[in-house]
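S.K.: Below is one structure. I have some questions about it.
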Amino acid sequence: MKMRTHNCGALRLCNAGEKVTVVGWVNKRRNLGSLVFIDLRDRSGLVQLTFDETMEEKVSEVRNEYILQATGTVLERKDKNPKIATGEIEIKVEEVKIINSAETTPIMIAEDAGALEDTRLKYRYLDIRRDQIKNNLMLRHKVCMIARNYLSNLDFVEVETPILCKSTPEGARDYLVPSRIFDGKFYALPQSPQIYKQLLMVGGMERYFQIARCFRDEDLRADRQPEFTQIDIEMSFIEEEDIWGVVEGLMKEIFTKVKNVTLPEKFLRLTYDECMNRYGSDKPDTRFEMELKNISDIYANTEFEIFKNILANKGMINAIVVKNGADKFSRKDLDKLTEFVKIYGAKALSYLKYSNGELTGSIAKVTSEAEKAALIEKLELQENDMILAVADKKKVTQAAMGALRVKLGRELGLIDESKYNFLWVTNFPMFEYSEEEDRYMAAHHPFTSPNLEDVDKLMTDPENCYSRAYDLVLNGYELLSGSIRIHDQVLQGKVFEAIGMTMEEAKEKFGFFIDAFRYGTPPHGGVGIGLERLIMILAGTDNIRDVVAFPKTASAACLMSDAPNTVDDKQLRELHIALANKK
Numbered sequence: 105m106k107m108r109t110h111n112c113g114a115l116r117l118c119n120a121g122e123k124v125t126v127v128g129w130v131n132k133r134r135n136l137g138s139l140v141f142i143d144l145r146d147r148s149g150l151v152q153l154t155f156d157e158t159m160e161e162k163v164s165e166v167r168n169e170y171i172l173q174a175t176g177t178v179l180e181r182k183d184k185n186p187k188i189a190t191g192e193i194e195i196k197v198e199e200v201k202i203i204n205s206a207e208t209t210p211i212m213i214a215e216d217a218g219a220l221e222d223t224r225l226k227y228r229y230l231d232i233r234r235d236q237i238k239n240n241l242m243l244r245h246k247v248c249m250i251a252r253n254y255l256s257n258l259d260f261v262e263v264e265t266p267i268l269c270k271s272t273p274e275g276a277r278d279y280l281v282p283s284r285i286f287d288g289k290f291y292a293l294p295q296s297p298q299i300y301k302q303l304l305m306v307g308g309m310e311r312y313f314q315i316a317r318c319f320r321d322e323d324l325r326a327d328r329q330p331e332f333t334q335i336d337i338e339m340s341f342i343e344e345e346d347i348w349g350v351v352e353g354l355m356k357e358i359f360t361k362v363k364n365v366t367l368p369e370k371f372l373r374l375t376y377d378e379c380m381n382r383y384g385s386d387k388p389d390t391r392f393e394m395e396l397k398n399i400s401d402i403y404a405n406t407e408f409e410i411f412k413n414i415l416a417n418k419g420m421i422n423a424i425v426v427k428n429g430a431d432k433f434s435r436k437d438l439d440k441l442t443e444f445v446k447i448y449g450a451k452a453l454s455y456l457k458y459s460n461g462e463l464t465g466s467i468a469k470v471t472s473e474a475e476k477a478a479l480i481e482k483l484e485l486q487e488n489d490m491i492l493a494v495a496d497k498k499k500v501t502q503a504a505m506g507a508l509r510v511k512l513g514r515e516l517g518l519i520d521e522s523k524y525n526f527l528w529v530t531n532f533p534m535f536e537y538s539e540e541e542d543r544y545m546a547a548h549h550p551f552t553s554p555n556l557e558d559v560d561k562l563m564t565d566p567e568n569c570y571s572r573a574y575d576l577v578l579n580g581y582e583l584l585s586g587s588i589r590i591h592d593q594v595l596q597g598k599v600f601e602a603i604g605m606t607m608e609e610a611k612e613k614f615g616f617f618i619d620a621f622r623y624g625t626p627p628h629g630g631v632g633i634g635l636e637r638l639i640m641i642l643a644g645t646d647n648i649r650d651v652v653a654f655p656k657t658a659s660a661a662c663l664m665s666d667a668p669n670t671v672d673d674k675q676l677r678e679l680h681i682a683l684a685n686k687k
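Written out as structure tokens, the structure is:
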């Protein structure tokens, strides 16, 4: 005999009169005189069970989270509950069996009682019973299935790439796995399937995808985990437009089926420089305006010593206008904003308030009448507007004002939370300079193709060399990163040289990959879509731990299983490892 005939959440008024069997956890129990009501829960939802006086004794010991099997007749409810899908019916129980008992749970499951996150993580298997986590995991599954079906229909092939890889220490730290067989040697867990998916293109697979597990030993944030998943895609014989078209189609499919939202035919596109100049960020939230304005030209002939020195040293003055905000910010509020921009390297935050045709504020006395008039005209100031400005190095002003823009957008309620604004960011710098290593490093990864017009700058002017890299940004989150790859052996060698890597070093790290270039590598490119970030946005949460079944803490620990843990000496000896600090 089947353990159940129906899921708890599947029953409707059309089932009235049917004899059914359901099984699940006790969500809540209520006694009303001689009647007992139990809300029974499984993954599909809740259903109300009713027990009359003849059945009352059989459930007298039942408490929350007991597992019951109940058989009875579906009846129309007199007191309907519109808040749940089964709210029009109930089951009059004729037979009941306690499948398993349960102790009092350390977290409340039936209702969100605000348990501490550490407690929820320690008892994650109980936390998963809660609707929020359960629904997020089901949403994750749905998105993965949509992606698999969509890409398969476009002739992509799903291929699994290795988890035990060679360590190539560029970028984030690797998670290392010692080899028992090869004394003193290590595998690395993949930070991405980058090299392998490119080798699949060399192998002629042409269209590949994978729901890929990735591992990075880096400092964590609310939107990062040491192990994460990406929808990984690579294509041969393509240009950027081909990849963007596939990704846009995938996003439209996901958002239509999950959110019933119709996305625009084409996503907005901006270059990296445009984003930094307008928003102070390479992943801008475009759901609200308040763009950065470069007002350096207005102060070009200033006598104000601080601005004068900054501009003389190739710095700049960036400003934002808080519309109708002059009377919303006290001096104390502005002091707090000053402390905020200092986090991003700014030394001060200047302000001017526009009221009754006059500009007043911290730099009013050092701003000439001509400069004030120019500010009013350029910034199109209206009554009660406020200017906030940072003068510093270009990167500092952009970072500080970009972060301040987002902070004010949230605090002033300027962001339309119902919008899903996608943005392609293109033309990223090819290199970024590392003060620590005193050399240029690949901004994306060393296999990213430079713009063809910038190839001659690789060695002579790396700072102004741009790449064929691109990101897809959604509501201020970097959703994916990708690029057109280098497929020419000579050009790949030039890029290695530009980042200070000799061919000997390159062969040591990537020898098998470089060898593949000798045998006809097709033009190719791809993307890696951050699955957790996508699910976070779809689920409306800002914490990645809400969309992962068994997440780690901010220190990369698993409170449930107590990983990482110590291992015994025998295991260490087998791996040829001796702990330096063992007491």
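For what it's worth, the numbering used here labels the leading residue of the sequence shown as 105, then goes sequentially. In this text, a Cβ means the ideal position worked out from N, Cα and C, and glycines have one as well. Note that the structure is a prediction, hence the values are computed from the model and not measured.
Compute the Euclidean distance between the alpha carbons of residue 384 and residue 397, then round it to the nearest angstrom.
M.R.: Roughly 10 Å between the two C-alpha positions.
S.K.: Leaving aside the five residues before and after residue 191 along the sequence, list all residues of the same chain whose C-beta is less than 8 Å from its C-beta, in chain order.
M.R.: These residues qualify, in order along the chain: 181, 184, 185.
S.K.: Would you mind sorting residue 388 into buried or exposed? The rule is 16 or more other CB atoms within 10 Å of its CB.
M.R.: Result: buried.
S.K.: Got a sec, what are the start and stop residues for the beta strand (DSSP E) residue 140 sits in?
M.R.: Start and end: 139-146.
S.K.: Just verifying my parser: in three-state terms, what is the DSSP assignment at residue 158?
M.R.: Three-state DSSP puts residue 158 in coil, outside helix and strand.
S.K.: Within the continuous alpha helix (DSSP H) that includes residue 251, where are the two ends?
M.R.: Per DSSP, residue 251 belongs to the alpha helix (DSSP H) from 235-257.
S.K.: Whose C-beta lies closer than 8 Å to the C-beta of residue 290 among residues of the same chain, with five residues either side of it excluded?
M.R.: Hits under 8 Å: 271, 280, 281, 282, 283.
S.K.: Let me know the secondary structure DSSP gives residue 693 once reduced to three states.
M.R.: Limits of the chain in this structure are 105 at one end and 687 at the other, which puts residue 693 out of reach.
S.K.: Are residue 244 and residue 639 touching if we call contact CB-CB under 7 Å?
M.R.: Yes, the pair counts as a contact, with Cβ atoms nearer than the cut-off.
S.K.: Taking the beta carbon of residue 341 as the centre, do at least 16 other beta carbons fall within 10 Å, making it buried, or is it exposed?
M.R.: The residue is exposed, with fewer than 16 neighbouring Cβ atoms inside 10 Å.
S.K.: With respect to the beta strand (DSSP E) encompassing residue 132, which residues constitute its N-terminal and C-terminal limits?
M.R.: Its beta strand (DSSP E) spans residues 123-136.
S.K.: Does the beta-carbon distance from residue 494 to residue 445 come in below 7 Å?
M.R.: Cβ atoms of residue 494 and residue 445: closer than 7 Å.
S.K.: Measuring from the CB of residue 431, is there a heavy atom of the ligand NAP at a distance below 6 Å?
M.R.: For the structure depicted, the ligand NAP is absent and the ligand set is empty, with no information on it obtainable.
S.K.: Should residue 219 be labelled buried (16 or more other beta-carbon atoms within 10 Å of its own) or exposed?
M.R.: So residue 219 ends up on the buried side.
S.K.: Identify whether residue 460 lies in helix, strand or coil by the three-state DSSP scheme.
M.R.: Coil, per DSSP.
S.K.: Quick one: grab the DSSP three-state call for residue 500.
M.R.: The answer is helix: DSSP assigns residue 500 an H, G or I state.
S.K.: If you run the structure through DSSP and keep just helix, strand and coil, what is residue 641?
M.R.: Helix at residue 641.
S.K.: Whose C-beta lies closer than 8 Å to the C-beta of residue 408 among residues of the same chain, with five residues either side of it excluded?
M.R.: 467, 470, 471.
S.K.: Go through the segment 493-571 residue by residue and report every complete run of the alpha helix (DSSP H) that reaches 4 residues or more, in order.
M.R.: Segments of the alpha helix (DSSP H) lying fully in the segment 493-571: 498-515.
S.K.: In terms of alpha-carbon separation, which member of 433, 520, 538 lies closest to residue 488?
M.R.: Out of 433, 520, 538, 433 has the C-alpha closest to the C-alpha of residue 488.
S.K.: Which whole-angstrom value describes the C-beta separation of residue 101 and residue 139, a residue pair presumed to lie in contact below a C-beta threshold of 8 Å?
M.R.: This structure leaves residue 101 out entirely; the chain is present only between 105 and 687.
S.K.: So residue 223 is in the alpha helix (DSSP H); what residue range does that whole segment cover?
M.R.: First-last of the alpha helix (DSSP H) with residue 223: 221-226.
S.K.: Check the C-beta distance from residue 213 over to residue 233 and give it rounded, since I have them as a contact under 8 Å.
M.R.: Going by Cβ atoms, the distance from residue 213 to residue 233 rounds to 5 Å, so yes, they are a contact pair.
S.K.: State the beta-bridge partners of residue 490 as determined by DSSP.
M.R.: According to DSSP, which records beta bridges pairwise, residue 490 is partnered with 426, 457.
S.K.: Going by beta-carbon coordinates alone, are residue 127 and residue 155 separated by less than 7 Å?
M.R.: Contact: no.
S.K.: Pick helix, strand or coil for residue 261, following the three-state DSSP scheme.
M.R.: Note: residue 261 maps to strand in three-state DSSP.
S.K.: What's the C-alpha gap between residue 628 and residue 106?
M.R.: So the two alpha carbons sit approximately 52 Å from each other.
S.K.: Spell out a yes or no on whether the segment 448-455 and the segment 480-487 are touching, meaning 3 or more CB-CB pairs, one atom from each, closer than 8 Å.
M.R.: No, the segment 448-455 is not in contact with the segment 480-487.
S.K.: By the DSSP assignment, the alpha helix (DSSP H) with residue 415 in it spans what residues?
M.R.: Where residue 415 is concerned, the enclosing alpha helix (DSSP H) stretches over 409-416.
S.K.: Which class does residue 360 belong to by DSSP, given the choice of helix, strand or coil?
M.R.: Helix.
S.K.: Is it the case that the Cβ atoms of residue 625 and residue 574 are separated by a distance below 7 Å?
M.R.: No, these two residues do not count as a Cβ contact at 7 Å.
S.K.: Should residue 632 and residue 296 be called a contact, given that it needs their Cβ atoms to be closer than 7 Å?
M.R.: Yes, the pair counts as a contact, with Cβ atoms nearer than the cut-off.
S.K.: Going by DSSP, which residues form a beta bridge with residue 311?
M.R.: For residue 311, which the question treats as bridged, DSSP gives the partners 339.
S.K.: Whose CA, out of 540, 622, 509, lies closest to the CA of residue 391?
M.R.: Selected option, being the one with the closest Cα: 509.
S.K.: What's the gap between the Cα of residue 119 and the Cα of residue 364?
M.R.: The straight-line gap from Cα to Cα measures roughly 29 Å.
S.K.: For residue 664, would you say it is in contact with chain B, using Cβ-to-Cβ distances shorter than 7 Å as the test?
M.R.: Chain labels in this structure do not include chain B; a single protein chain is all it has.
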